[in-house]
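In the numbering used here, the protein residues as written are 2 to 292. Note that CB positions come from ideal geometry on N, CA and C, so glycine has one too. The structure displayed is predicted, hence computed values, not measured ones.
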């Protein structure tokens, strides 16, 4: 497990390098027509935007999903379970949020254990007993403990930057000075269109860097923390039966969630970072047999 944590930290660096290489490519293409000065502007903008997105990303992810922070008095049951699990894992107690949505789901966010938050839906609180809820929350705190949240936050921030830069590139290509565009490199026009089309796919690939293995790892962390994999297994079975699709759809934060929050017809499901629930249940059953 400790090697997996180290691997997640290395993956954060790799994602950042790949992102910056793509930003550099977009900047170079812009510089081909609009001059090197614009290249430097785009690079500086990309760095600044990435930094802001990284440090403010957890607040954004909570806000876009309509999460509301609670205190212990607001929901003693939920808060007590989070506190106990944090003590067990040797973590600072994360901030606790609730989303008003009937679908059972949850997610963790933040850039490190000292700046983390866990969020659950009202639907999860309603249908889960204490053992099941503990299993789900132990999974989410597992993401915090294993530094999955840092990788997720990078994916969230960098995907947003790629989308913004690709949109700016497309607009400059279409609405820039026509004479300048015609007199320079016509190839730039074609490359600009291709880059704008490929950007969302590259953003999806960045999210895919948050591999399915991290979900299996968080499930295993939950089982080790609670010493009761049957609780998480039962929670997954309930979610498979009731569905985990949220009313408020947001593809940019979908990879944060405990189970896939997107509708089944969404193209994002083709590239889902969430393993099939039956596979997760089977792995937990195997863990229970070996215990």
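Three-state secondary structure (DSSP) at residue 213?
-> coil
Could you pull out every residue in the same chain whose Cβ sits closer than 6 Å to the Cβ of residue 266, ignoring the five residues on either side in sequence?
-> Low per-residue confidence applies at residue 266: pLDDT is 47, beneath 50, and the placement is therefore not dependable, though the value from the model is reported in the following sentence. Hits under 6 Å: none found.
Which class does residue 116 belong to by DSSP, given the choice of helix, strand or coil?
-> strand
Residue 141 bridges to which residues according to DSSP?
-> BP columns for residue 141 are empty, so no partner.
Nearest-angstrom beta carbon gap, residue 162 and residue 47 [assumed within contact, 8 Å] = 6 Å
Between the beta-carbon of residue 240 and the beta-carbon of residue 260, is there less than 8 Å?
-> yes
Does the distance from the CB of residue 245 to the CB of residue 104 come in under 8 Å?
-> yes
Report the residue ranges of all alpha helix (DSSP H) runs contained in full by the segment 44–126; include only those spanning at least 4 residues, in chain order.
-> 77–90
Give me the Cα-Cα distance between residue 98 and residue 59, rounded to the nearest whole angstrom.
-> 12 Å
Under 8 Å between C-beta atoms of residue 139 and residue 63 | no
Could you name the residues of the same chain whose beta carbon sits closer than 8 Å to that of residue 276, not counting the 5 residues immediately before and after it, in chain order?
-> 213, 216, 217
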